[in-house]
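Undergrad: Pasting in a structure now, in structure tokens, and then I'll have a few things to ask.
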Amino acid sequence: MAEESDPHALVAAARDVARIETEATAGLWPRAAALLTRQALEAAMARLWAATAPGLERTSGRCQVLCVGTLLGDPDLGGRVTLAWNVLSEACHHRVYRLPPTASELERAFEAAWDLAEATEALACEAAERRGRLPPRAEGLP
Amino acid sequence: MPDAALLSLVAARWEAHPATGTSAPLVLAAFRGREAVLGVLEGEDGGGATTEPAASRAPDPVHLAAITVEGFRGIGERATLRLHPAPGLTLVVGRNGSGKSSFSEALEILLLGTNRRWDRRSPVWRDGWRNLHHRHTVIEARFAADGRREPLVVSRRWDDGAGLQESTLSVGGRQRSLESIGWAQPLASYPPLLSHHELESALDDTPSHLYDALAGILGLGDLRAAQETLRGVRLDLERAVRAAGDPVDALVRRLEDSADERAATVLAALRSRPWDLDAIGETLSGEAAADEGSTLRRLSDLAALPVLAREELEATVRGLRDADRLVTELQRGEGARADELADLLERALEVHAHAAGQTACPVCGTEGVLTYAWRRHTGERLRSLREDAEALRAARARREAAIAGATLLVTAVPAPLTESGDPGVPVEPALQAWRRWSAIPEGGDAQRLAAHLQERGQQLIAAVAELRRSAREELDRRQRTWRPIADTLVTWLPAARDARAAAERVPAVRAAETWLRDAHDELRDERFRPIAEAVQANWSALRQDSNVSLGVLRLAGASTRRQLVLDGSVDGEAAPLLGVMSQGELNCLALSLFLPRASQPESPFRFVVIDDPVQAMDPSKVEGLATALAAAARDRQVVVLTHDTRLPEAVRFLRLPATVIEVARREGSIVELRELDSPVRRHIDDALAVARSDGLPPEARRVVAGFCRMALEAAATRAVAQRMRREGRRFADVEAELERPTTLLMLLALALFGDASRSADVVPRLARDEPGAAETLRICNRGAHGGAIPGDPAAFVRVVESLTRLLAPPEPAGG
Ligand SMILES: Nc1ncnc2c1ncn2[C@@H]1O[C@H](COP(=O)(O)OP(=O)(O)O)[C@@H](O)[C@H]1O
Ligand SMILES: [Mg+2]
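So, in structure tokens, the structure goes:
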């Protein structure tokens, strides 16, 4: 399992949960995957705020997702993240009669989280370059 | 009335590629219907079809401004669904049973009347159209027509107690049909309404129905109808040809079996190509039977041989004999010498007269005999002798006349008896009898002549009668075998003549048909390409992770073989799509097809109303649906009715601009509507959500400014559209105007004054009502690019909100 706050790793883990069903995950995987994906979104946003608006991570989830589009300069991705956030939040607040998200709703959410992680990293790299220093994760890359 | 644009396209194509073997008038007549085609085939001129249809002006494009419903389905008291008549997405949301479909069905029945689709519904449904709580029924829609200040009002009302079919339609305040404003055809070709029911059943239709539904958009209906007209005419012609050809084999067989010489003539006529129908006609009318040397003619001549009348013969013979007997009688005794004796006596009287007084006979010398008494007696005797002589002469003359008359009776052998060839009846006895009859005995002996006539005449009469009878019988016999054939031929002949005419026409009609088909296919492929592409785009938005991918989408074939071809693959394997798709996927595809169809630039309907698309859809498709609808809403007014909250949520979270109207229905069918959300509302709410967050870092304040700017833009854009529409400007102008402003202030100037160049006047005007206008606008103008909001961001948003309200022009009263 990758470092807990690494959004890429969290998305990959969520995907695995959704793909590989074991006895342990039987029936639970949609909510488990939703939880992991939401953590991925939070982690990616935390990185984004670190680079753009430190302190934003302390505001509500709704406030944060609304800021993604503007602070990332990508309103489309902002919208997808907002939708994914809402779908995942519904799934995480376990209610007995609420159906879990479908595989394809989850797939949408994975994509949104992954794309946010990518975009955030690109932004962090640019910021670091401007400051003449690479961020820790990129150091290990060829 | 054929579509003028299409006709001129067809005419132009004709100029470039005229078809061989047919004529332009025939092709053009096909557009004016069967009668016109038949007219051209009959040789009438084409009637200038190219110039005929005075291109009736295309109807003005319209957006939907309101639907008002009273006493229909679930809506009792008058309720109005007000819409912003401009491109954009409107979601009408409400629980099941809140009356959403009642609005869309009302619009459907208003525009389409009780059409076929309506009739398909169950009778229960049709009976329940009147609201139970409100007896009076009126449906009205207001349309914003392009370039018109006043809305176009279309309404349909029912008298209390009237049936569904018994409504009165009024358009623009006058009782008239939608046809009269040119809507009938576009309503069929570009139906702007899609119900959930149709969405589900659209692809259940046969491939040819799907073809028709889509081909309708291409505006080639007239071209197809023209082809159908020609096809119909050709099939009728071919049927006529077959109808004449079918019985021919059987006819030929009967003719071959028939010994009748007419059969041979007809056979020859039937074997010549084309059939020699005139010869057959002549044969039937009997003219051909009069030919020289024909047996039939000979037989009929024989049957009509001159007859010697028995009475005449007997009278002649009697006459002869009587005359002869009289002569014989008169000649008996002195009779034969009466003249001689009379001459002698006369001479004696003369001599005696000269020898006056002598009484002795100078011949025998007897005395005293030539007395006065003798003289008187002899004078009388002389007279009587003279009379006898005269009688004998007369009798002789009569006998001569009788002989001459009898001789006249004997005519030469008639030609039909002596002609060569076997007429099929024995001629010889009559010929012999006639010959013997003609051989009159020499010598002028009346008795012999009478005996000849008597004997030979009777024989002749018998022989001729026999011959006539047998000739007649032979004719009858032949006629009896020929008659049924002739009857058949008589009824067949007109059909054959029709068939001949028909056969000559078929190639021209076929050529015209082929030409039209080629023209049609070419235009069809050309016009369908962009639609197929739009369908593809919709499908890829909607399909999400469906493993079905849509390949070629084509309209193919013609007439009974026409179909919509949907090629594609499932997990990379080519497959017949309709067979493998799930209902949800089918609905997505149906919607993918519907949207481009309703968005054709030729359609006057710039709106579409889609009832409950989500209900029929896989939930995971909702995000794709939201995207596809928003894409369609960029240049169309898209109204979606839905009970499902996922669609408005997806629209909202994806930040797709949309107006959301909520429908609620109370007891007694009271339906209420209110605007829940609008693009302006959405941005203000989002701005507030961020602005009110505790501990919002300063860097994030520009997010608030960004949303505020979007709210102002949305409000201004709507205001510009409303203002320009009220000024009677066209949509195209509105769009062009909205493209122009480069700054927020210019857009606001356009909204407030209808003049983008008056941006300097914007702040003073708004500051009259909102003191914070100047500062707020300055920050918003920089928007997300770093407008730093001093002070309380929530208060800032409140100011923006009041500015958006100042921008909106007051709604017109009523409506
Ligand atoms: N003739 C009628 N009189 C009264 N109520 C009706 C009539 N027809 C339908 N309804 C009711 O009106 C409600 C609204 O129906 P509908 O317009 O289909 O709602 P929605 O599309 O929002 O689900 C339904 O509950 C239906 O039972
Ligand atoms: Mg409904």
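Protein sequence lines, in the order shown, are assigned to chains A and B.
Residues in the first sequence are numbered from 25 upward in steps of one, following our numbering.
Residues in the second sequence are numbered from 924 upward in steps of one, following our numbering.
By construction, the Cβ of each residue, glycine as well, lies at the ideal position given by its N, Cα and C atoms.
In this text the structure is predicted, and so the values were computed from the model without any measurement.
Using only the alpha-carbon positions, how far apart do L1726 (chain B) and R1605 (chain B) sit?
TA: One C-alpha to the other measures close to 15 Å.
Undergrad: Can you find a CB in chain A that lies within less than 8 Å of the CB of E1123 (chain B)?
TA: By this cut-off, E1123 (chain B) is not an interface position.
Undergrad: Taking one C-beta from the stretch 1228-1248 of chain B and one from the stretch 1395-1413 of chain B each time, how about it: are there three or more such pairs within less than 8 Å?
TA: Flag = no, the stretch 1228-1248 of chain B and the stretch 1395-1413 of chain B do not touch.
Undergrad: Does any CB atom of chain A fall closer than 8 Å to the CB of L1619 (chain B)?
TA: Yes, L1619 (chain B) counts as interfacial toward chain A.
Undergrad: Kindly list, in the order they appear in chain A, the residues whose Cβ is closer than 7 Å to that of V1613 (chain B).
TA: Here the neighbours are C87, L90 and C91.
Undergrad: Jot down the residue ranges of each uninterrupted beta strand (DSSP E) in the stretch 1546-1589 of chain B, minimum 3 residues, whole runs only, in chain order.
TA: If we require 3 residues or more, the beta strand (DSSP E) runs fully inside the stretch 1546-1589 of chain B come out as 1560-1565 and 1581-1589.
Undergrad: So, does the CB of T106 (chain A) fall closer than 8 Å to a CB anywhere in chain B?
TA: Taking Cβ atoms only, chain B reaches closer than 8 Å to T106 (chain A), which makes this a yes.
Undergrad: Please list, in chain order, all residues with a C-beta atom less than 7 Å from at least one heavy atom of ligand 2.
TA: After applying the 7 Å Cβ criterion, the set is B:N1019, B:K1023, B:S1024, B:H1119, B:D1534, B:D1535, B:L1564 and B:H1566.
Undergrad: Output the distance between the C-alpha atoms of L1509 (chain B) and A151 (chain A), rounded to the nearest integer angstrom.
TA: About 48 Å.
Undergrad: Answer yes or no: does any C-beta atom of chain A fall closer than 8 Å to that of V985 (chain B)?
TA: For V985 (chain B), the answer is no, since every Cβ of chain A falls outside 8 Å of its Cβ.
Undergrad: What first and last residue would you give for the alpha helix (DSSP H) that runs through S1515 (chain B)?
TA: From DSSP, the alpha helix (DSSP H) with S1515 (chain B) extends over Q1506 to A1521.
Undergrad: List the residues of chain B whose Cβ lies closer than 9 Å to the Cβ of T83 (chain A), in chain order.
TA: The answer, in chain order, is V1613, S1616, D1617, G1618, L1619, P1620 and A1623.
Undergrad: Can you list, in chain order, the stretches of the alpha helix (DSSP H) that have 4 or more residues and sit fully within the stretch 1130-1204 of chain B?
TA: The stretch 1130-1204 of chain B contains these whole alpha helix (DSSP H) runs: 1130-1138, 1144-1168, 1171-1180 and 1184-1194.
Undergrad: Within this structure, are the beta carbons of R62 (chain A) and S113 (chain A) separated by less than 8 Å?
TA: Their beta carbons are under 8 Å apart, which means R62 (chain A) touches S113 (chain A) by this criterion.
Undergrad: When the Cα atoms are used, what is the spatial distance from Q1377 (chain B) to G1347 (chain B)?
TA: Computed Cα separation, rounded: 30 Å.
Undergrad: When the cut-off is 8 Å and only beta carbons count, does E1546 (chain B) lie next to chain A?
TA: Judged by the 8 Å Cβ criterion, E1546 (chain B) is in contact with chain A.
Undergrad: Excluding the 5 residues flanking R132 (chain A) on each side, which residues of the same chain have their C-beta closer than 7 Å to its C-beta?
TA: Correct list, in chain order: A108.
Undergrad: Would L80 (chain A) pass as an interface residue toward chain B - the criterion being a Cβ-Cβ separation below 8 Å?
TA: At least one chain B Cβ lies under 8 Å of L80 (chain A).
Undergrad: How about P54 (chain A) and A137 (chain A): are their beta carbons less than 8 Å apart?
TA: Cβ atoms of P54 (chain A) and A137 (chain A): not closer than 8 Å.
Undergrad: Which term fits Y1134 (chain B), buried or exposed, when burial requires 16 or more other beta carbons within 10 angstroms of its beta carbon?
TA: When all chains shown are included, Y1134 (chain B) counts as buried.
Undergrad: Could you tell me which residues DSSP pairs with S1078 (chain B) in its beta bridges?
TA: BP columns for S1078 (chain B) point to B:E1063 and B:S1093.
Undergrad: Starting from the C-beta of L1500 (chain B), find all residues in its chain whose C-beta is less than 6 Å away, skip the five residues before and the five after it, and write them out in chain order.
TA: Answer for L1500 (chain B): L1489 and G1491, listed in chain order.
Undergrad: Please list, in chain order, the residues of the stretch 126-153 of chain A that have any C-beta partner in chain B closer than 8 Å.
TA: Cβ contacts with chain B come from T126, A127, S128, E129, E131 and R132.
Undergrad: Got a sec? Which residues, its chain only, sit under 8 Å from A1029 (chain B) by beta carbon, not counting five neighbours each side?
TA: Excluding residues within five positions, the ones whose Cβ falls inside 8 Å are I990, V992, F995, R996, I998 and I1062.
Undergrad: Could you pull the start and end residues of the alpha helix (DSSP H) that L1268 (chain B) belongs to?
TA: Here the alpha helix (DSSP H) through L1268 (chain B) covers A1261 to H1277.
Undergrad: Give the residues of chain B in contact with A101 (chain A), contact being defined as C-beta atoms less than 9 Å apart.
TA: The residue you asked about is not Ala; residue 101 (chain A) is Leu in the sequence shown. The premise fails here: L101 (chain A) is roughly 11 Å from chain B at the closest Cβ pair, so nothing lies under 9 Å.
Undergrad: Below 7 Å between beta carbons is the criterion; list the residues of the stretch 1563-1590 of chain B that meet it against any residue of chain A, in chain order.
TA: For the stretch 1563-1590 of chain B, which is checked against every Cβ of chain A, the residues closer than 7 Å are E1572, A1573, F1576, L1577 and R1578.
Undergrad: Check the Cβ-Cβ distances between L95 (chain A) and every residue of chain B, and say whether any is below 8 Å.
TA: So yes, L95 (chain A) belongs to the interface.
Undergrad: Which residues share a DSSP beta bridge with I990 (chain B)?
TA: I990 (chain B) is bridged to B:L1004 and B:A1064.
Undergrad: Taking DSSP's pairing of strands, which residues face A1498 (chain B) in a bridge?
TA: Answer is B:G1491.
Undergrad: Beta-carbon of T945 (chain B) versus every beta-carbon of chain A: anything under 8 Å?
TA: By this cut-off, T945 (chain B) is not an interface position.
Undergrad: Take L1512 (chain B) and list the residues in its own chain whose beta-carbon comes closer than 7 Å to its own, dropping the five residues that flank it on each side.
TA: Around L1512 (chain B): L1126, W1462 and M1504.
Undergrad: Would you kindly check if the distance between the Cβ of A1431 (chain B) and the Cβ of G962 (chain B) is under 8 Å?
TA: In this structure, A1431 (chain B) does not lie closer than 8 Å to G962 (chain B) by Cβ.
Undergrad: When you compare the CB of V1626 (chain B) with every CB in chain A, is at least one pair closer than 8 Å?
TA: Answer yes: the Cβ-Cβ gap between V1626 (chain B) and chain A drops below 8 Å somewhere.
Undergrad: Alpha carbon to alpha carbon, what distance is there between H1443 (chain B) and A1163 (chain B)?
TA: Roughly 28 Å separates the two Cα atoms.
Undergrad: For the stretch 1627-1655 of chain B, list every residue whose C-beta sits within 7 Å of some C-beta in chain A, in sequence order.
TA: Within the stretch 1627-1655 of chain B, the qualifying residues are G1629.
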